[in-house]
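**Student:** Structure incoming, see below.
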Amino acid sequence: MSQQGDYMKIKLYHSNYNWLKLFIKRNFRVLKLALLVVFISFFGTVLFLSINNDMNATTIPLSYLEEGISDSENDVFAVCFSIFSHNFIILLPALIGVFSLGFLSIIYVSLQGYLLGVSIYSISQTMSISTVIKFTIFHGIFEMIAIALVTAFAIKPAEITIESIRGNRKFIQKQDLIDMVVLLTMYIIFLFAASLIEGLILLNI
């Protein structure tokens with residue numbers, strides 16, 4: 056019975072691994088483009104400001120980092136949901152940008168990456184690196200992945216359209232719709248994970 060259970064676990068693991076591998080393969084180009092947009096807009100801004108040593112960069116509030124939390128918001132779920140809603144609304148234009156085949160999403164995400172880069176650089180001029188890392192890197196990784204996922208979701212129709220025009224595939228297939236649903240679901244999961252981490256950090260200040 057134990058051997059059969061172990062076999063089923065191994066089979067399930069390989070099945071999930073193969074599914075993830077095929078999913079990444081099918082969506083590799085949109086995921087790569089989305090990650091490039093996020094990382095170049097953010098790290099490019101930080102690197103540019105660092106090289107030019109621009110001390111006059113304007114600080115843009117980092118979500119709830121500078122806004123703080125009211126005394127009534129001491130419930131973990133309430134705080135996390137509040138942060139999640141705040142971030143979801145901010146990224147809503149990137150989500151709606153799917154109707155422009157992702158064109159507006161790329162522009163909007165690039166702008167958000169720039170503003171975030173300016174904020175991080177400005178805060179690093181007045182706070183220690185350890186403090187900046189504490190308030191940004193732990194939830195920031197999940198948040199960046201979430202932004203990349205919503206960008207990939209938005210530009211997926213553009214890839215489908217271009218490949219169809221080139222005659223490399225049929226226009227919209229069932230698997231395309233499934234992949235877009237998966238991208239959207241993963242976006243929500245990673246965004247909530249980022250909100251959860253950020254909420255726990257703020258509640259323990």
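Taking the working numbering, the leading residue of the sequence shown gets 56, the next gets one more, and so forth. Here a beta-carbon is modelled for each residue, glycine too, at the ideal position from N, C-alpha and C.
Could you please give the first and the last residue of the uninterrupted alpha helix (DSSP H) stretch that includes F83?
**Tutor:** On the sequence shown, residue 83 is found 28 positions in, with the first residue counted as 1. Where F83 is concerned, the enclosing alpha helix (DSSP H) stretches over F83 to N107.
**Student:** From R224, A248 and I233, pick the residue whose C-alpha is nearest to that of G195; which is it?
**Tutor:** As a working note, residue 195 is residue 140 in the sequence shown. Of R224, A248 and I233, the residue nearest in Cα terms is A248.
**Student:** What's the C-alpha gap between E223 and V101?
**Tutor:** Within the sequence shown, the letter at position 168 stands for residue 223. Within the sequence shown, the letter at position 46 stands for residue 101. What sits at residue 223 in the sequence shown is Asn, not Glu. Roughly 39 Å between the two C-alpha positions.
**Student:** Pair every Cβ in the segment 219 to 233 with every Cβ in the segment 168 to 186, then say whether three or more of these pairs are closer than 8 Å.
**Tutor:** Result no; under three Cβ-Cβ pairs closer than 8 Å.
**Student:** Whose CA, out of M241, F208 and K189, lies closest to the CA of S155?
**Tutor:** Counting from one through the sequence shown, the residue named residue 155 turns up at place 100. Cα-wise, what sits closest to S155 is F208.
**Student:** Could you please give the first and the last residue of the uninterrupted alpha helix (DSSP H) stretch that includes F264?
**Tutor:** Missing from the structure shown is residue 264; the chain here goes from 56 to 260 and no further.
**Student:** Excluding the 5 residues flanking Q230 on each side, which residues of the same chain have their C-beta closer than 8 Å to its C-beta?
**Tutor:** On the sequence shown, residue 230 is found 175 positions in, with the first residue counted as 1. R81, listed in sequence order.
**Student:** Decide if S140 is buried, meaning its Cβ has at least 16 other Cβ atoms within 10 Å, or exposed.
**Tutor:** The sequence position of residue 140 within the sequence shown is 85, counting from 1. S140 should be labelled exposed.
**Student:** Using only the alpha-carbon positions, how far apart do I244 and S250 sit?
**Tutor:** As a first step, residue 244 is located in the sequence shown; it is residue number 189 there, counting from the start. As a first step, residue 250 is located in the sequence shown; it is residue number 195 there, counting from the start. So the alpha carbons of these two residues sit roughly 10 Å apart.
**Student:** State the DSSP-derived secondary structure class of F226, mapped to helix, strand or coil.
**Tutor:** The sequence position of residue 226 within the sequence shown is 171, counting from 1. DSSP places F226 in coil when its eight states are reduced to three.
**Student:** Drop a sphere of 10 angstroms on the beta-carbon of Y242, count the other beta-carbons inside from all chains shown, and report buried for 16 or more, exposed for fewer.
**Tutor:** Translated into positions along the sequence shown, residue 242 becomes position 187. Classification of Y242: buried, given that the 10 Å Cβ count is 16 or more.
**Student:** Would you say the segment 75 to 90 touches the segment 190 to 206, given that touching needs at least three Cβ pairs under 8 Å?
**Tutor:** With a cut-off of 8 Å, the segment 190 to 206 and the segment 75 to 90 count as touching, because enough Cβ pairs lie within range.
**Student:** Whole angstroms are fine: how far does the CA of S179 sit from the CA of I188?
**Tutor:** The residue labelled residue 188 in the question sits at position 133 within the sequence shown. The residue labelled residue 179 in the question sits at position 124 within the sequence shown. If you take the alpha carbons of I188 and S179, they lie about 9 Å apart.
**Student:** If we require 4 or more residues per run, which alpha helix (DSSP H) segments fall completely within the segment 168 to 238?
**Tutor:** If we require 4 residues or more, the alpha helix (DSSP H) runs fully inside the segment 168 to 238 come out as 184 to 220.
**Student:** Sorted by chain position, which residues of the same chain lie with C-beta nearer than 6 Å to S96's C-beta, five sequence neighbours on each side aside?
**Tutor:** As a working mapping, residue 96 is identified with position 41 in the sequence shown. Excluding residues within five positions, the ones whose Cβ falls inside 6 Å are S165, G168 and Y169.
**Student:** Are L255 and V131 touching if we call contact CB-CB under 8 Å?
**Tutor:** As a position in the sequence shown, residue 255 is number 200, starting the count at 1. As a position in the sequence shown, residue 131 is number 76, starting the count at 1. Yes, the Cβ-Cβ distance between L255 and V131 is below 8 Å.
**Student:** Helix, strand or coil: how does DSSP classify L156 here?
**Tutor:** One-based indexing of the sequence shown puts residue 156 at position 101. Correct three-state label for L156: coil.
**Student:** Helix, strand or coil, according to DSSP, for N259 in the structure here?
**Tutor:** Counting from 1 along the sequence shown, the entry for residue 259 is found at position 204. Coil at N259, not helix or strand.
**Student:** Give a yes or no on whether the C-beta atoms belonging to E253 and I79 are separated by under 8 Å.
**Tutor:** Position 198 of the sequence shown, counting from 1, holds the residue named residue 253. Position 24 of the sequence shown, counting from 1, holds the residue named residue 79. No. Outside cutoff.
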